[in-house]
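Quick notes on the structure that follows.
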Amino acid sequence: MTTRPAVLVARGVFPEVLARLAQHFEVESNPDDTVWSAAELSARLQGKAGAFITGSERIDAALLDAHPQLRAVCNMAVGYNNIDLDACTARGVLASNTPDVLTETTADFGFALMMATARRITESEHFLRAGRWTKWSFDMFAGAEVHGATLGVLGMGRIGQAIARRGALGFGMPVLYHNRSRLDAAIEQQLGARWVDKATLLRECDHLVIVVPYSPASHHLIGATELASMKPTATLTNIARGGVVDDAALAAALRAGRIAAAGLDVFEGEPKLHPDLLTVPNVVLTPHIASASVATRRAMADLAADNLIAALGCGPHAGRPPTALNPQVLSAPTP
Ligand code: 8YV
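Each residue of the sequence shown is one higher than the last, beginning at 985 in the numbering used here.
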């Protein structure tokens, strides 16, 4: 009898997805959904051929060296700054992420967060819940216009394009964007989007939505200087990653009224927040939920499972994980 590969599912996940994995593997799961320390994650990876992970688990060279039997790490997230991809590739470990399945849901949320920020939705709800609403006033919670205002998109990948489309087609917003590479002219035309340099984007947009992946190059892409160059009436929405925005500088800018408001779904050092963000009123705060519709989280989990099953040579896509980040490791001789 052949022994089945052992895999680790590092966080809580849909029981149906665990059941699918159990058809192929010996599965160790995390039913309490505890966020394990690096040492505990390493202890649990003992003897595992593959791991189903999320953005909370860091996969680096030291961890891979401690587990030479590990063949695949499959992220339930499109962003993969938690994985040292070069270290994986150098050791022949397949890494995967979950693109596409979350694009529209994440764009919906980014747009909703931008609108909530511009129209001061949570700030006014807190006022109402606190029993402070005693009369209507002409300027009560008067915010910024969304329709027809200039949308700025920083990072024009799949999610950035989906946000631009919502702004241009649904809300009549002129769209400016900045990205390292320009889109094809035909796509720019379809989205009604114009490439500008970063300084122009910051200076001219009314609502900036940040959707760039995190890397050392995008660390503090938006800090005090960039915030000071924006319109005092502008809003900033970050659905990318904590660390792309300097949260301390942002809190200071919000308090000083250097920009009007911010909407944040991601934070430096989350789930901890910079304490000043909790005391400034003009910020909408959500706990990293941009992809969190039930259907999309299920699709992400299924795709991560598909990748793990295929990477370990099982299922209908054996040897061809659908969204591998380094598929070349599968054809290379084992290092
Ligand atoms: C995830 C995300 O919820 O996909 C991403 O990159 O940020 C979110 O959709 C989170 O990373 C959990 O893995």
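Don't be surprised by glycine CBs; every beta carbon is placed ideally from N, CA and C.
Ends of the beta strand (DSSP E) at CYS1058? 1056-1059
What's the gap between the Cα of PRO1311 and the Cα of PRO1305? 8 Å
Determine, using beta-carbon pairs with one atom in the region 1290-1306 and one in the region 1075-1092, whether at least three such pairs fall under 8 Å. yes
Three or more C-beta pairs closer than 8 Å, one from the region 1236-1249 and one from the region 1260-1278: is that the case here? yes
At least three beta-carbon pairs within less than 8 Å, the region 1235-1245 to the region 1213-1223: yes
Measure from the alpha carbon of THR1307 to the alpha carbon of each residue in ASP1017, CYS1058 and TRP1020, then state which is nearest. CYS1058
Could you tell me which whole beta strand (DSSP E) segments of length 3 or greater appear in the region 1157-1242? 1159-1162, 1177-1179, 1191-1194 and 1219-1222
Whole alpha helix (DSSP H) runs in the region 1047-1103 with 4 or more residues, listed along the chain? 1069-1074 and 1087-1102
Smallest Cα separation from GLU1010: which of PRO989, ARG1055, ALA1114 and PRO1265? PRO989
Among all the DSSP beta bridges, which residues are the ones paired with GLY1043? Position check: residue 1043 holds Ile in this sequence, whereas Gly was assumed. For ILE1043, which the question treats as bridged, DSSP gives the partners ILE1067.
For the ligand 8YV, is there any heavy atom lying closer than 7 Å to the beta carbon of LEU1086? yes
Taking its Cβ as the centre, do 16 or more other Cβ atoms sit within 10 Å of MET1284, making it buried, or is it exposed? buried
Can you tell which of GLU1041, GLU1012 and TYR1064 has its C-alpha closest to the C-alpha of TYR1198? TYR1064
Let me make sure I understand the geometry here. Which of LEU1005, GLY1034, HIS1008 and ARG1042 has the alpha-carbon closest to that of SER1021? ARG1042
When PRO1015, ALA1177, ILE1105 and ARG1166 are compared against GLY1156, the one with the closest alpha-carbon: ALA1177
Between MET1157 and the ligand 8YV, is the CB less than 7 Å from at least one heavy atom? no
Helix, strand or coil: how does DSSP classify ILE1273 here? coil
For ALA1148, does the three-state DSSP call read helix, strand or coil? helix
Taking ASP1049 as the reference, give the member of THR1038, CYS1189, ARG1142 and LEU1029 with the closest Cα. LEU1029
For the alpha helix (DSSP H) containing GLU1107, name the first residue and the last one. 1105-1113
Rounded Cβ spacing between LEU1175 and GLN1145 (contact assumed at less than 8 Å): 6 Å
Could you round the C-beta distance between THR1263 and LEU1086 to whole angstroms and report it? I think they count as a contact, below 8 Å. The pair is not a contact, with the Cβ atoms about 32 Å apart (cut-off 8 Å).
Only counting the same chain, and skipping five residues up and downstream in sequence, which positions put a Cβ closer than 6 Å to that of LEU1257? PHE1251
Measure how close the beta-carbons of GLU1188 and LEU1160 come, nearest whole angstrom, since I'm counting them as under 8 Å. 6 Å
May I ask which residues mark the beginning and end of the alpha helix (DSSP H) holding VAL1313? 1312-1315
Any non-hydrogen atom of the ligand 8YV closer than 7 Å to THR1221 Cβ: no
Does DSSP put GLY1154 in a helix, a strand or coil? helix
Please determine, among ARG1113, CYS1298 and GLY1115, the residue with the shortest C-alpha to C-alpha distance to ALA1006. CYS1298
Best match in ALA1224, ARG995 and ALA1236 for proximity to ILE1147 [C-alpha to C-alpha]: ALA1224
Secondary structure at ARG1035, three-state DSSP: helix, strand or coil? Just to set this straight, residue 1035 is Ala in the shown sequence, not Arg. Reduced to three states, the DSSP call for ALA1035 is strand.
Near VAL1193, which residues of its chain fall below 6 Å by C-beta distance, leaving aside the five closest residues on each side in sequence? GLY1094, MET1098, VAL1137, ILE1147 and THR1221
Could you compute how far the alpha carbon of VAL1313 sits from the alpha carbon of PRO1259? 43 Å
Given a cut-off of 8 Å, decide if VAL1195 and GLY1139 are closer than it, judged by their beta-carbon atoms. yes
Could you spell out where the beta strand (DSSP E) holding VAL1278 opens and where it closes? It is not in any beta strand (DSSP E) - VAL1278 instead sits in the alpha helix (DSSP H) that spans 1278-1295.
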